[in-house]
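Going line by line, the protein sequences match chains S and D. Under this note's numbering, think of the first position of the first sequence as 1042, with each following residue one higher. Under this note's numbering, think of the first position of the second sequence as 1042, with each following residue one higher.
There are 2 protein chains.
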Amino acid sequence: MTLTQLEAFVLVARLGSVKAAARALGVSEPAVSGALAALRSHLGDPLVRRAGGGMELTAGGQRLLPIASQIVNLAADATDAIRHAQGAPDLLRVVATSAVAEHVARPLLTAFTARHGPVEVTLGVATAGEMPALLLERLADVGLGPRLSGLEALPMMRHRLAVVCGPRHPLARVPRVRAGCLARHDWLVDASGVDPATEVGLLLERLAVPEDRIRVFPSLAAAWAAAADGQGVAPGIAHLVAQDVERGRLVMLPVEGTPLDLMWFANTLPAGRRSMATDRLRRFLDTPQAMQAMRRADAGVPVSRFRPPVYVTLWS
Amino acid sequence: MTLTQLEAFVLVARLGSVKAAARALGVSEPAVSGALAALRSHLGDPLVRRAGGGMELTAGGQRLLPIASQIVNLAADATDAIRHAQGAPDLLRVVATSAVAEHVARPLLTAFTARHGPVEVTLGVATAGEMPALLLERLADVGLGPRLSGLEALPMMRHRLAVVCGPRHPLARVPRVRAGCLARHDWLVDASGVDPATEVGLLLERLAVPEDRIRVFPSLAAAWAAAADGQGVAPGIAHLVAQDVERGRLVMLPVEGTPLDLMWFANTLPAGRRSMATDRLRRFLDTPQAMQAMRRADAGVPVSRFRPPVYVTLWS
DNA sequence: CGGAGCCCTAAGCGATCGCTTATCGGGGCG
DNA sequence: CGCCCCGATAAGCGATCGCTTAGGGCTCCG
């Protein structure tokens, strides 16, 4: 019984699949499957069983889950405690949905570290679906993106979501775009577009856009560039595309109900269970400096890989 | 950071020495030292430092200790939970001071298992000094011996401690033995005689018996046999030597203040933190069957090795 | 100043961990 | 019925774990 094995089990149980757990841990699927198998044989219990679609916990697995989760949490506490006792800079592991990571998180965290002294910040990309597990298992401290249930969600940034396309796109000249006809055009999105827990994912779902109409780009900026090129329509975050719209490179479509008024949240564990650095970031989010940093539309930031394995194994 | 390493650290911290921790775990000293070194380098903190006589915790070590202890405890909980969920027989790990293990624990536990159905009981020998750590770290469920502070001590068996010797020993004919002169004779004891936390150890300490006057035998029975042979005086548990005294093989010395009225205790974690099997044993201790089993003076039980490594590593 | 404890390091060994790529089985769905 | 997705398994590899015996260094004590 190793910590790695318990971690693998907890993530499989929480995310409901070996594949998802492997992705969240940034390792291959057999790595997780193997850890699970080792734990199974050690404890002499299947722990999780395949059950049509997802995985279900055995009686033993149900009892093990909270205990294993606690152990994993305490292991994180242990490293934190030592870190802190040594006066080492606090560690703040931030995960964000791809759109947030690309345009908002970077300047925000840069401003935060500049202002709040010695903090070691890491930023990674995750889907909204895996964020709760990552936060609960202390693989991350803050999850930036849509509100997550079961966690403490602090409103972070209000933004507006519109639909944009290039000036030569057929829809660019239509005076009024009906929502229904949007499903018949190519959609150019980033990774969060195929994450049904994000706003864009929900939007595409609501519009019933078929999968073969969705083209995933490595970044929102790339999707907008393709849209400007006339290859299709794209979701656009108002203040970020404003400059391109002004210069005529993009057109904001007059879709009924848009732009959508939306909010991004900073999701964390409840007070007491989160680290001090996390609290400091939460407080920072309420300051004008934070707002200013997030509003700054520096779309030119270097885009990280598509889904980088963010989480180095905590216990080597 | 492995569970083994955390376990080693906790025991070193609790017992105040690498040597003691190694003994409690039944492994060699470098094994513990090595685990500690690995944890140290992983966390980048010395954790414990040598400080004249014992070991002292660094600031980081002090923070780590309660966390590591919790982790170890939860790991034990995990195996318990699975065991229980599978309907496997409960596990009850009993440790006792050598005298108790030799004469009282065996028949007691035999009667307990016979009466209380499917329970898997293991019995080991430990010094009273290491019992608290063993119980707190869930390496054992019950510690039989003297009352241990900080734990729940259930009175288990009243007994009387006398001083005995062979019929041809010079002291055997003295009408009144002064306590002071006992320090000038050879003492024949078992392992618990050199454990200053047991009654016999305290007795020898109070009598100021010098170390070179103490001869340690692998069992109380062996010490009594040597005493009967005239090789010296020995501590005698009244009801256990009664038969030998009756037959003239041993003489109970008229030392002032003896026989001492003493009590053995069953030490456990407080309610709620102990296993169900532990609770069952506690209840059993109040029954006439338990009393009867313990009173039965079957000194002929095969004596275990001097200090057997009782505790197999919990996580392989 | 020599000895005794106690802790640490060194060296070595077998087993396991943790990860990879490649392949096999099995259940749901068209 | 066959396809496809997902999980389990196989094989292999390097690193680490966990343990041993042997020996070196430190501190305390006589």
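Glycine included, each C-beta is placed from N, C-alpha and C at the ideal position.
Cβ neighbour criterion (16 or more within 10 Å) applied to residue i
i: S/V1215; result: exposed
i: S/T1328; result: exposed
i: D/R1346; result: Caution is warranted here: a pLDDT of 30 is assigned to D/R1346, below 50, making its placement in the model unreliable, and no coordinate value can be reported.
i: D/W1228; result: buried
i: S/P1349; result: Summary for S/P1349: the model assigns pLDDT 28, below 50, so the residue's position carries little reliability; its value from the coordinates is reported in the next sentence. With fewer than 16 other Cβ atoms within 10 Å, it is exposed.
i: D/A1049; result: buried
i: D/D993; result: There is no way to answer for residue 993 of chain D, as the model of chain D reaches only from 1042 to 1357.
i: S/M1096; result: buried
i: D/D1270; result: exposed
i: S/A1312; result: exposed
i: S/E1171; result: buried
i: D/R1336; result: exposed
i: D/R1064; result: buried
i: D/S1190; result: exposed
i: S/S1316; result: buried
i: S/P1343; result: With a pLDDT of 38 at S/P1343, under the threshold of 50, the modelled position of this residue cannot be trusted; read the value that follows with caution. Exposed, because fewer than 16 other Cβ atoms sit within 10 Å of the Cβ of S/P1343.
i: D/Q1111; result: buried
i: S/E1178; result: buried
i: D/I1318; result: Here residue 1318 of chain D is Ala; the residue named in the question, Ile, does not match the sequence. Flag for D/A1318 reads buried.
i: D/K1060; result: exposed
i: D/G1207; result: buried
i: D/R1225; result: exposed
i: S/G1273; result: buried
i: S/S1357; result: Bear in mind that a pLDDT of 16 at S/S1357, under 50, signals an unreliable position, so the number given afterwards is only what the model happens to contain. Under this definition S/S1357 is an exposed residue.
i: S/G1277; result: buried
i: S/A1117; result: buried
Near the ligand MN: residue i beta-carbon under 6 Å from a heavy atom
i: S/R1314; result: Among the components of this structure there are no ligands whatsoever, and the ligand MN is therefore not found.
One or two residues paired with residue i in a DSSP bridge
i: S/N1308; result: S/G1184, S/A1194
i: S/L1229; result: S/R1256
i: S/L1164; result: S/V1135
i: S/C1222; result: For S/C1222, which the question treats as bridged, DSSP gives no partner whatsoever.
i: S/M1096; result: S/R1091
i: D/G1277; result: D/A1203
i: S/M1293; result: S/V1205
Per-residue contacts from residue i into chain D (C-beta, under 8 Å)
i: S/D1302; result: None at all; the shortest Cβ gap to chain D is about 44 Å.
i: S/R1104; result: A1122, I1123, H1125, A1126
i: S/G1101; result: A1122, I1123, A1126, Q1127
Contact belief for residue i with residue j at Cβ below 8 Å, rounded distance in angstroms
i: D/D1285; j: D/L1291; result: 4 Å
i: D/A1279; j: D/A1268; result: Contact doesn't hold; Cβ gap of about 15 Å is too wide.
i: S/L1150; j: S/V1135; result: 6 Å
i: S/A1100; j: D/A1126; result: 4 Å
i: D/A1138; j: D/S1233; result: It is Thr, not Ala, that sits at residue 1138 of chain D in the sequence shown. About 5 Å; that satisfies the 8 Å criterion.
i: S/I1255; j: D/L1115; result: So it is not a contact: roughly 44 Å between Cβ atoms.
i: S/T1045; j: S/A1076; result: 6 Å
i: S/T1239; j: S/A1169; result: 5 Å
i: S/L1106; j: S/L1195; result: About 27 Å separates the two Cβ atoms, so there is no contact after all.
i: S/L1244; j: S/P1237; result: The Cβ separation is near 10 Å, so there is no contact.
i: D/A1174; j: D/R1055; result: 4 Å
i: S/V1073; j: S/L1084; result: Between S/L1084 and S/V1073 the Cβ distance is about 17 Å, and since that is not below 8 Å, they are no contact.
i: S/L1192; j: S/L1176; result: 6 Å
i: D/L1223; j: D/V1296; result: 7 Å
Proximal chain S residues relative to residue i, where beta-carbon distance stays under 8 Å
i: D/D1086; result: I1123, A1126, Q1127
Within chain D, partners of residue i - CB distance below 9 Å
i: S/L1115; result: I1108, A1109, Q1111, I1112, L1115
Contacts that residue i makes with chain S (C-beta to C-beta distance below 9 Å)
i: D/A1119; result: M1042, L1047, L1084, R1104, L1105, I1108, A1109, I1112
Does the region 1180-1190 of chain D come close enough to the region 1305-1316 of chain D to have 3 or more Cβ pairs within less than 8 Å? A contact exists between the region 1180-1190 of chain D and the region 1305-1316 of chain D.
Report yes or no: do the region 1254-1262 of chain D and the region 1198-1218 of chain D share at least 3 C-beta pairs separated by less than 8 Å? Contact between the region 1254-1262 of chain D and the region 1198-1218 of chain D is absent, because fewer than three Cβ pairs lie under 8 Å.
Counting Cβ pairs closer than 8 Å, one from the region 1296-1304 of chain S and one from the region 1194-1214 of chain S, do we hit at least three? Flag = yes, the region 1296-1304 of chain S and the region 1194-1214 of chain S touch.
Count the C-beta pairs between the region 1042-1061 of chain S and the region 1082-1091 of chain S that are closer than 8 Å, then say yes if the count reaches three, no if not. Of all C-beta pairs linking the region 1042-1061 of chain S to the region 1082-1091 of chain S, three or more are shorter than 8 Å, placing the two stretches in contact.
The region 1072-1085 of chain S in contact with the region 1099-1115 of chain D per 3-pair CB rule at 8 Å: Verdict: no, contact absent.
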